[in-house]
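Enquirer:
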Amino acid sequence: MDLISLIKENAKKNRQRIVLPEGEETRTLEAANILAKEGLADVILLGNPDIIATKASELNLEHLSKTSIVNPLDHPKKEAYAQLLYELRKNKGLTIEKATTLAEDPLYLATLMIKSGDADGEVAGAQNATGNVLRPAFQVVKTKKGINVVSGAFIMILKDENYGDKGIMVFADCAVTPEPNSEQLAEIAISSAETAKAIAGIDPKIAMLSFSTKGSAQHDDVSKVVKAFEIVKETRPDLDIDGELQADAAIVDAVGQAKAPGSNVAGHANVMVFPNLESGNIAYKLVQRLAGAEAIGPILQGMAAPINDLSRGCSVDDIVNLVAITANQSIALKNS
């Protein structure tokens, strides 16, 4: 069974409440219909019930009756959600009047539902830019305890199973933080290890990547990676991690043992933590195109509850898969 199928099976066994704030958008509705039909999640659609009903009829989406539909402009908890947002943001100058208006915004409403315990996760971005999706997430749901930086990981499924864990690897950060400092880089490594376990189902072996291996080059950028490695070793001694490592030393056994003899990670890494967003984004796209790898993501890491952002060019299948992934993140959070 392939990885996506395994992710879906786990989602079915442990159904989570996933809110889709773009509930009037056609691809989102088609995805919700599939999710309801296959029992992958308890879907909550945000939108005008009449518009949703009309589109469901036009598109023959017969399984949407199994979803919950919440009208952002008129629902029983509107006042409570507005009060919650006011309490969270009043020190930033937010008034109760503005909080009431924002609580009618589906992207804010989705995060308020999660904060209140009425939903377990969110998937959005088919209609909205990343900044619009993440802004209410940062303001309302915020980051996990002990984590101050959000990052984006890709699960890379390679045709050559000699690399990673039978061809499965996690690359981060490829999507969010342009120039992480050492502390942030350490947090990205920890979050990526959790993604490797929760979503990819692999035992993480983390390589902190650089253009240097074990002091072969001296530079401030190398020192940043070394410090990040030391932070992880101190705060999470349970994790299998090494650095700084060049990419070949991280994934090729002979090179790893030559450059970092005795390392448990060198030559066998399956979680690749890049020193900055530029290198991570370039790397995953090169591997995707040149090696024909499947790239699943970006999967947002570090939030107190799973919130994931779609590309506005996403397909219906992309939405379905990301909801299943979000459900798996929620399951892992609850289990931890």
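Heads up, the sequence shown is in the working numbering, so the first residue is 2 and it goes up one at a time. Quick reminder that beta carbons are idealized off the backbone N, C-alpha and C, glycines included.
I want to know whether the stretch 239-249 touches the stretch 142-159 - three or more CB-CB distances under 8 Å.
Expert: Too few Cβ pairs lie closer than 8 Å, so no.
Enquirer: Which value, in whole angstroms, describes the spacing of the CA atoms of Glu-10 and Thr-96?
Expert: Here residue 10 refers to the residue found at position 9 when the sequence shown is read from its first residue. Here residue 96 refers to the residue found at position 95 when the sequence shown is read from its first residue. Each residue's Cα considered, the two are about 44 Å apart.
Enquirer: Cβ of Val-324 within 8 Å of Cβ of Leu-36?
Expert: Mapped onto the sequence shown, residue 324 falls at position 323. Mapped onto the sequence shown, residue 36 falls at position 35. Yes; because the gap between Cβ atoms is below 8 Å, this pair is in contact.
Enquirer: Touching or not, the stretch 292-311 and the stretch 206-216, by the rule of three or more beta carbon pairs under 8 Å?
Expert: Touching, no, given that fewer than three Cβ pairs across the two stretches are closer than 8 Å.
Enquirer: Return the chain-ordered list of same chain residues with a C-beta closer than 8 Å to the C-beta of Lys-146, the five sequence neighbours on each side being excluded.
Expert: What you label residue 146 is simply residue 145 of the sequence shown in a count that begins at 1. Closer than 8 Å at the Cβ level, and outside the excluded window around Lys-146, lie Ala-305.
Enquirer: Going by DSSP, what residue range makes up the beta strand (DSSP E) through Phe-275?
Expert: As a working note, residue 275 is residue 274 in the sequence shown. That residue, Phe-275, is in no beta strand (DSSP E); it is neither H nor E in DSSP.
Enquirer: If you count every other CB in all the chains shown that lies within 10 Å of the CB of Asp-221, and 16 or more means buried, which is it?
Expert: The sequence position of residue 221 within the sequence shown is 220, counting from 1. Its Cβ having fewer than 16 others within 10 Å, Asp-221 is exposed.
Enquirer: Pick out whichever of Val-272, Val-274, Gly-244 has its Cα sitting closest to the Cα of Lys-260.
Expert: As a position in the sequence shown, residue 260 is number 259, starting the count at 1. Cα-wise, what sits closest to Lys-260 is Gly-244.
Enquirer: From Asp-75 to Ser-280, what does the alpha carbon distance come to, in whole angstroms?
Expert: Within the sequence shown, numbered from 1, the residue matching residue 75 stands at position 74. Within the sequence shown, numbered from 1, the residue matching residue 280 stands at position 279. In a straight line, the C-alpha of Asp-75 is about 46 Å away from that of Ser-280.
Enquirer: By how many angstroms is the C-alpha of Thr-68 removed from the C-alpha of Ala-33?
Expert: Translated into positions along the sequence shown, residue 33 becomes position 32. Translated into positions along the sequence shown, residue 68 becomes position 67. Going from the Cα of Ala-33 to the Cα of Thr-68 covers about 8 Å.
Enquirer: Closest to Met-170 by CA distance: which of Asn-277, Ala-154, Asp-249, Pro-179 is it?
Expert: Taking the sequence shown and counting its residues from 1, the one referred to as residue 170 is at position 169. When each option's Cα is compared against that of Met-170, the closest is Ala-154.
Enquirer: Are Val-288 and Ile-207 close, meaning C-beta to C-beta below 8 Å?
Expert: Sequence index remark: in the sequence shown, residue 288 carries index 287 (1-based). Sequence index remark: in the sequence shown, residue 207 carries index 206 (1-based). No, they are not a contact pair.
Enquirer: Beta carbon of Arg-90, beta carbon of Ala-100: below 8 Å?
Expert: Here residue 90 is taken as the residue at index 89 of the sequence shown, counted from 1. Here residue 100 is taken as the residue at index 99 of the sequence shown, counted from 1. For Arg-90 and Ala-100, yes; Cβs fall inside 8 Å.
Enquirer: The alpha helix (DSSP H) with Ser-264 in it runs from where to where?
Expert: Numbered from 1 along the sequence shown, position 263 holds the residue referred to as residue 264. Segment: none, Ser-264 is in no alpha helix (DSSP H) and carries neither H nor E.
Enquirer: Should Ala-173 and Ser-193 be called a contact, given that it needs their Cβ atoms to be closer than 8 Å?
Expert: Counted from its first residue, the sequence shown places residue 173 at position 172. Counted from its first residue, the sequence shown places residue 193 at position 192. Yes.
Enquirer: Is the beta carbon of Ile-326 closer than 8 Å to that of Ile-203?
Expert: Residue numbering aside, residue 203 sits at position 202 when the sequence shown is read from its first letter. Residue numbering aside, residue 326 sits at position 325 when the sequence shown is read from its first letter. No; because the gap between Cβ atoms is not below 8 Å, this pair is not in contact.
Enquirer: Which partner residues of Thr-112 appear in the DSSP bridge assignment?
Expert: As a working note, residue 112 is residue 111 in the sequence shown. DSSP output for Thr-112 lists no bridge partner at all.
Enquirer: Taking one C-beta from the stretch 127-146 and one from the stretch 44-60 each time, how about it: are there three or more such pairs within less than 8 Å?
Expert: In short, these stretches do not touch, since the Cβ pair count stays below three.
Enquirer: Helix, strand or coil for Pro-50, going by three-state DSSP, please let me know.
Expert: Position 49 of the sequence shown, counting from 1, holds the residue named residue 50. Here Pro-50 sits in helix by DSSP.
Enquirer: Specify the secondary structure class of Pro-107 as computed by DSSP and reduced to three states.
Expert: In the sequence shown, the residue the question calls residue 107 occupies position 106. Residue state, collapsed to three classes: helix.
Enquirer: How would you write the range of the alpha helix (DSSP H) that Glu-10 sits in, first residue to last?
Expert: By one-based count along the sequence shown, residue 10 stands at place 9. Per DSSP, Glu-10 belongs to the alpha helix (DSSP H) from 4-14.
Enquirer: How about the stretch 268-278 and the stretch 177-187: do they share at least three Cβ pairs that are nearer than 8 Å?
Expert: As far as the Cβ criterion goes, the stretch 268-278 touches the stretch 177-187, which means the pair count is three or higher.
Enquirer: In angstroms with no decimal places, state the Cα-to-Cα distance between Ala-248 and Ala-284.
Expert: Position 247 of the sequence shown, counting from 1, holds the residue named residue 248. Position 283 of the sequence shown, counting from 1, holds the residue named residue 284. Ala-248 and Ala-284: Cα-Cα distance of roughly 10 Å.
Enquirer: Just how far apart, CA to CA, sit Glu-59 and Glu-88?
Expert: Looking up residue 59 in the sequence shown gives position 58. Looking up residue 88 in the sequence shown gives position 87. The straight-line gap from Cα to Cα measures roughly 42 Å.
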